[in-house]
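Visitor: Residue numbers (UniProt numbering): 1 to 657.
Structural data, given as structure tokens:
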């Protein structure tokens with residue numbers, strides 16, 4: 001305990017004596033070290049250290065937050081007479097992003113062109129190998145004490161560096177990527193991640209030096225909707241261990257898509273005494289840069305460049321490239337066809353376009369030319385439930401009417417429109433659909449058209465690379481099932497989507513069908529590999545919510561220079577989705593009638609009752625039968641209960657007898 005009247009903190013005079021004693025001690029240690037080196041045998045006489053033979057470091061911070069700058073030889077024992085230690089900057093001192101600490105005069109200076117710094121941070125953006133300080137571990141979540149086989153099977157299930165990013169495992173093992181860091185001040189960890197598949201559990205969390213997890217509630221990562229997402233977490237001063245952990249769960253024996261992580265940046269680490277050169281494919285054209293910019297397409301850069309170099313006319317490159325590639329001669333795989341919207345005369349033009357980005361050369365030997373465009377043909381009809389306007393555009397029929405794609409007609413008395421969407425003519429993309437391309441290399445969206453309309457079908461266009469994903473998405477705001485469907489508690493069907501498709505492939509193509517609910521990430525529900533003949537597929541919708549339906553086609557999983565498999569395509573001929581809120585109708589169905597002062601109007605029959613088509617009245621199904629709610633017309637809609645079951649008093653459910 002401190003004596004009365006005495007401070008626990010040293011006085012300025014006391015601190016001065018302490019610093020002088022520390023300085024004398026450092027000098028004494030250096031002299032002892034030099035004497036020790038001289039007395040170790042009769043080696044050559046040591047020369048005075050040149051500036052190129054040593055570097056400066058700081059000692060550890062003492063209890064007062066002070067430190068010393070000392071000279072450290074690159075190779076101990078080769079020279080002597082190092083500069084004396086000098087008082088260092090305060091331990092909390094740091095430089096801004098784009099600056100480095102010049103240890104010679106202990107001041108912050110801007111990075112030169114072609115280099116960058118994060119100030120108090122570090123960045124990991126090159127993943128040719130696992131960077132120093134990272135560890136990748138694997139375990140098996142299933143506990144089986146009788147055998148070690150399951151654990152051994154997971155030893156190779158780790159995060160794998162793949163150049164621009166690091167990729168997780170896709171099996172049912174648990175793979176953990178770890179990084180331990182000591183922060184001199186509070187900081188952050190930022191990274192980008194690509195997490196498209198909800199069949200993988202992905203978590204990121206931080207433990208501090210008391211081995212307690214960060215209280216942040218963002219441990220469980222959200223799946224990504226549009227390519228890469230940015231994630232940031234605050235870090236406390238002191239020791240922090242960062243964990244990226246994944247575990248996959250097989251669904252229908254399908255292989256999950258891996259989680260990808262890139263551009264990890266950590267701030268609050270310490271001072272940086274140097275700036276880092278820009279990696280190939282990037283550049284920094286100004287002093288004081290905190291990051292390097294990507295070289296645009298058709299240019300390249302080497303390491304530490306201040307600008308990008310243009311490719312020669314006979315060469316090309318992708319964005320962020322370190323070299324240029326020779327342009328191939330154009331072939332029929334480098335263009336595609338599409339149709340213009342209908343003009344006022346009801347005609348459409350066949351148009352040929354070069355696939356973008358255009359990497360082939362038209363003037364090279366053996367190159368093909370783009371076919372002539374402009375051939376006119378009659379426009380296809382409007383889709384069912386739509387009518388053609390005077391300027392040849394298609395508009396939806398109002399509620400209470402229907403059409404086969406020509407004129408709208410009112411539903412007859414005693415009937416109601418069957419609302420939904422039926423797309424079977426493809427002159428323009430419907431307003432509730434969109435298309436894009438997802439790069440199969442860096443998993444970024446390219447702002448390109450992934451599917452093109454072709455009259456009686458829609459097909460996959462040409463991507464920038466054969467391993468790109470060609471994306472088509474249909475969004476539905478919700479559903480309006482009939483009251484009979486809603487009253488039937490045993491029937492979970494709210495709506496259904498049916499589409500007719502085919503794939504024509506020469507290699508290992510894949511077509512994915514995915515479903516998303518309330519803007520959550522699409523979940524794959526079916527995958528087709530290789531060529532598949534024209535066929536129909538139906539998916540039952542059991543939730544009334546905003547839904548998205550996505551088709552993704554990938555020609556091959558391998559990335560090769562040029563386009564080789566553009567003739568491999570997926571085609572969709574028709575898409576039919578029922579009970580859509582704000583949908584249109586192609587026909588009307590009989591309904592049960594209800595008398596009112598306004599006349600007769602449609603009503604719903606109770607659960608277990610069918611509609612008599614002639615009278616429009618409701619009738620109970622016979623005993624021991626059950627009504628299928630999506631086809632409630634006539635007594636034939638009542639189906640017998642299964643063996644050993646009977647219907648209850650309300651003929652809507654069959655139960656064990």
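Where is the CB? At the ideal position from N, CA and C, for every residue including glycine.
1. Under 7 Å, do residue 422 and residue 384 count as touching if we go by C-beta distance?
2. Is the region 430-448 touching the region 602-621, taking contact as three or more C-beta pairs under 8 Å?
3. How would you label residue 284, buried or exposed, when you count the other beta carbons within 10 angstroms and need 16 or more for buried?
4. Tell me whether the beta-carbon of residue 101 lies closer than 7 Å to the beta-carbon of residue 273.
5. Please list, in chain order, all residues of the same chain as residue 624 whose beta carbon is under 7 Å from its beta carbon, the five residues on each side excluded.
6. Short of 7 Å in beta carbon distance, which residues of its chain neighbour residue 419, apart from the five on each side in sequence? Order them along the chain.
7. Applying the criterion that 16 or more other CB atoms from any shown protein chain within 10 Å of the CB defines a buried residue, is residue 177 buried or exposed?
8. Distance check for residue 557 and residue 508, CA to CA, integer angstroms please.
9. If you scan the UniProt domain "Elapor1-like galactose binding" (121-270) from start to end, which runs of the beta strand (DSSP E) of 3 or more residues do you find wholly inside it?
10. Does the pairing of the region 94-110 with the region 73-80 give three or more beta-carbon distances under 8 Å?
11. What's the C-alpha gap between residue 225 and residue 187?
12. Using a Cβ distance threshold of 8 Å, determine whether the region 528-537 contacts the region 495-510, with at least three qualifying pairs required.
13. Write down every uninterrupted run of the alpha helix (DSSP H) in the region 69-115 whose length is 4 residues or greater and which is fully enclosed by it, in chain order.
14. At the level of alpha carbons, what is the spacing between residue 370 and residue 200?
15. Kindly identify the DSSP beta-bridge partner or partners of residue 349.
16. Can you list, in chain order, the residues of its chain whose CB lies under 6 Å from that of residue 333, leaving out five sequence neighbours each side?
17. Cα separation between residue 264 and residue 118?
18. Buried or exposed, going by whether 16 or more other CB atoms sit within 10 Å of the CB of residue 450?
19. According to DSSP, is residue 637 helix, strand or coil?
20. Pull up the distance between the alpha-carbon of residue 154 and that of residue 140, whole angstroms please.
21. Based on DSSP bridge pairs, tell me the residues matched to residue 396.
22. Under 7 Å, do residue 268 and residue 185 count as touching if we go by C-beta distance?
23. Could you tell me whether the region 386-402 touches the region 334-347, where touching means 3 or more Cβ pairs closer than 8 Å?
24. Just to confirm the assignment: which complete beta strand (DSSP E) runs, minimum length 3, are found wholly within the region 442-501?
25. Where DSSP assigns a beta bridge to residue 354, which residues make up the other side?
26. Once you ignore the five residues that flank residue 124 on each side, which residues in its own chain have a CB closer than 6 Å to its CB?
27. On the three-state DSSP scale, how would you describe residue 305?
28. Please state whether DSSP places residue 409 in a helix, a strand or coil.
29. Between the alpha carbons of residue 122 and residue 191, how many angstroms are there, rounded?
30. According to the neighbour-count rule (16 or more other Cβ atoms, all chains shown, within 10 Å of its Cβ), is residue 202 buried or exposed?
31. Taking one C-beta from the region 324-333 and one from the region 353-371 each time, how about it: are there three or more such pairs within less than 8 Å?
32. I need the DSSP call for residue 545, collapsed to helix, strand or coil.
33. For residue 523, tell me which candidate among 529, 515 and 50 has the shortest Cα-Cα distance.
34. Give me the residue from 573, 230, 175 and 299 with the minimum Cα distance to residue 249.
35. On the CB-based measure, 16 or more other CB atoms within 10 Å of its CB, does residue 554 come out buried or exposed?
36. Which residues share a DSSP beta bridge with residue 632?
Guide: Based on what the coordinates show:
1. For the purposes of this step, residue 422 is identified with residue 422 of the chain shown, where counting begins at 1. For the purposes of this step, residue 384 is identified with residue 384 of the chain shown, where counting begins at 1. Yes.
2. no
3. For the purposes of this step, residue 284 is identified with residue 284 of the chain shown, where counting begins at 1. Counting Cβ neighbours within 10 Å, residue 284 comes out buried, since at least 16 surround it.
4. Numbered from 1 along the chain shown, position 101 holds the residue referred to as residue 101. Numbered from 1 along the chain shown, position 273 holds the residue referred to as residue 273. Their beta carbons are under 7 Å apart, which means residue 101 touches residue 273 by this criterion.
5. Numbered from 1 along the chain shown, position 624 holds the residue referred to as residue 624. For residue 624, where only same-chain residues beyond five positions count, the Cβ hits under 7 Å are 640, 641, 646 and 647.
6. By 1-based counting over the chain shown, the position of residue 419 is 419. Around residue 419: 480, 579, 580, 583, 584 and 585.
7. Here residue 177 corresponds to residue number 177 of the chain shown, with the count starting at 1. That one is buried.
8. For this step, residue 508 is matched to residue 508 along the chain shown. For this step, residue 557 is matched to residue 557 along the chain shown. If I take the Cα positions, the gap works out to 8 Å.
9. 122-124, 134-140, 173-183, 187-194, 200-208, 229-235, 238-248 and 260-266
10. no
11. Here residue 225 is taken as the residue at index 225 of the chain shown, counted from 1. Here residue 187 is taken as the residue at index 187 of the chain shown, counted from 1. Their backbone Cα atoms lie some 28 Å apart in a straight line.
12. yes
13. none
14. In the chain shown, counting from the first residue as 1, residue 370 sits at position 370. In the chain shown, counting from the first residue as 1, residue 200 sits at position 200. Taking the straight line joining both Cα atoms gives about 45 Å.
15. Sequence index remark: in the chain shown, residue 349 carries index 349 (1-based). Looking at the DSSP assignment, residue 349 forms a beta bridge with 376.
16. Walking along the chain shown from the start, residue 333 turns up at place 333. These residues qualify, in order along the chain: 563 and 566.
17. Here residue 264 is taken as the residue at index 264 of the chain shown, counted from 1. Here residue 118 is taken as the residue at index 118 of the chain shown, counted from 1. Looking at the two C-alpha atoms, the distance is approximately 12 Å.
18. Residue 450 sits at position 450 when you count from the first residue of the chain shown. Residue 450 is buried by the Cβ-count criterion.
19. Along the chain shown, one-based indexing puts residue 637 at 637. Three-state DSSP puts residue 637 in a helix.
20. Taking the chain shown and counting its residues from 1, one reaches residue 154 at position 154. Taking the chain shown and counting its residues from 1, one reaches residue 140 at position 140. Straight-line Cα distance between these residues: approximately 6 Å.
21. The residue you call residue 396 lines up with position 396 of the chain shown. Its beta-bridge partners are 386.
22. As a first step, residue 268 must be located in the chain shown, where it is residue number 268. As a first step, residue 185 must be located in the chain shown, where it is residue number 185. Yes; because the gap between Cβ atoms is below 7 Å, this pair is in contact.
23. yes
24. 451-453, 458-460 and 469-476
25. Within the chain shown, numbered from 1, the residue matching residue 354 stands at position 354. Its beta-bridge partners are 335.
26. Residue mapping note: residue 124 aligns to position 124 of the chain shown, counting from 1. Closer than 6 Å at Cβ, skipping near neighbours: 131 and 264.
27. Here residue 305 corresponds to residue number 305 of the chain shown, with the count starting at 1. It is coil, neither helix nor strand.
28. Start at 1 with the first residue of the chain shown, and residue 409 comes out as number 409. Correct three-state label for residue 409: strand.
29. For the purposes of this step, residue 122 is taken as residue 122 along the chain shown, with counting starting at 1. For the purposes of this step, residue 191 is taken as residue 191 along the chain shown, with counting starting at 1. Rounded to whole angstroms, residue 122 to residue 191 spans 12 Å at the Cα level.
30. What you label residue 202 is simply residue 202 of the chain shown in a count that begins at 1. So residue 202 ends up on the buried side.
31. yes
32. The residue labelled residue 545 in the question sits at position 545 within the chain shown. The answer is coil: DSSP assigns residue 545 none of H, G, I, E or B.
33. For the purposes of this step, residue 523 is identified with residue 523 of the chain shown, where counting begins at 1. The shortest Cα separation from residue 523 among 529, 515 and 50 belongs to 515.
34. Within the chain shown, residue 249 is the residue found at index 249, counting from 1. It is 175.
35. What you label residue 554 is simply residue 554 of the chain shown in a count that begins at 1. When all chains shown are included, residue 554 counts as buried.
36. By one-based count along the chain shown, residue 632 stands at place 632. Partner(s): none; residue 632 has no beta bridge.
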